[in-house]
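Everything below concerns the one structure shown next.
In the numbering used here, the protein residues as written are 290 to 398.
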């Protein structure tokens, strides 16, 4: 998986490309952990094709750590199949999921 970090306003944006499988989950955790200090983090899922259970675990670790630090943790721009998978797993109610990264950056969260 490819992960690109950028800053947009007060948000750190991680753009994810590929599959959030075992390897991708480990890469995501490594990229996320230094950022989970209470600021604002949004993950851009535009190019995510698949999320495995290990990917869900990495996201839960990120959410838990960021919540403990009173930060914001948002998932954005999921494809319909990926979003459906989150909803079926009951995680659509756990995570803040929005349609676009821009809506987060513009203050819609």
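Ideal Cβ positions, reconstructed from N, Cα and C, are used throughout, including at glycine.
Selected residue, minimal CA-CA separation from residue i, among the options
i	options	result
residue 359	372, 327, 348	327
residue 388	378, 363, 374, 290	363
residue 383	352, 336, 357, 391	352
residue 343	311, 336, 355	311
residue 313	334, 376, 385	334
residue 374	354, 338, 290	338
residue 340	371, 356, 357, 354	371
residue 242	293, 395, 321	Residue coverage of the chain in this structure runs from 290 to 398, which leaves residue 242 outside it and unanswerable.
residue 290	300, 319, 297, 299	319
residue 396	292, 357, 297	297
residue 293	350, 386, 304	304
Beta carbon of residue i nearer than 8 Å to that of residue j
i	j	result
residue 347	residue 393	no
residue 317	residue 309	yes
residue 331	residue 306	no
residue 315	residue 345	no
residue 361	residue 390	no
residue 295	residue 329	no
Residues sharing a beta bridge with residue i, DSSP
i	result
residue 307	337
residue 302	295, 331
Delimiting residues of the beta strand (DSSP E) encompassing residue i
i	result
residue 398	Residue 398 -> no beta strand (DSSP E), and no H or E assigned at all.
residue 383	Note, residue 383: premise wrong, no beta strand (DSSP E); not H, not E.
Beta strand (DSSP E) runs contained entirely in the region 321 to 376, provided each spans 3 or more residues: 329 to 340, 361 to 365
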